[in-house]
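Accompanying notes for the structure given below.
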Amino acid sequence: MRPATFDPFGERLDLRSGQEAACASASRRRPVRTRRVVAAVLFWALAAGLITARGAFFDPSTAFGPDAPARVAAKDVTVLR
């Protein structure tokens, strides 16, 4: 293993040959692509799970529903002045 070489601004210099550097960059790209795919799959699985749970446990009588205007009109509301 070669010691790391840096330019005057602190950037690491790649002193490997062209073919050696191309193989190394291709092997580095694969895990990043895999992580992005895994992250996208996890995101959409979570989104689908939330939508499914929302649909399964949604109770229209608690929020809206066909009798919502009647329930609102039936409430005794005191107006503070």
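Going by the UniProt record's numbering, the sequence shown opens with residue 1, and the numbers climb by one from there.
Every residue gets a Cβ at the ideal spot worked out from N, C-alpha and C, and that includes glycine.
Asked	Found
Rounding to the nearest angstrom, what Cα-Cα distance links Thr52 and Phe6 in this structure?	53 Å
Starting from Arg71, follow the alpha helix (DSSP H) in both directions and report where the run begins and ends.	Ala68 to Ala74
What's the C-alpha gap between Arg36 and Phe58?	32 Å
With the cut-off set at 8 Å, would you say Ala4 and Arg16 are in Cβ contact?	no
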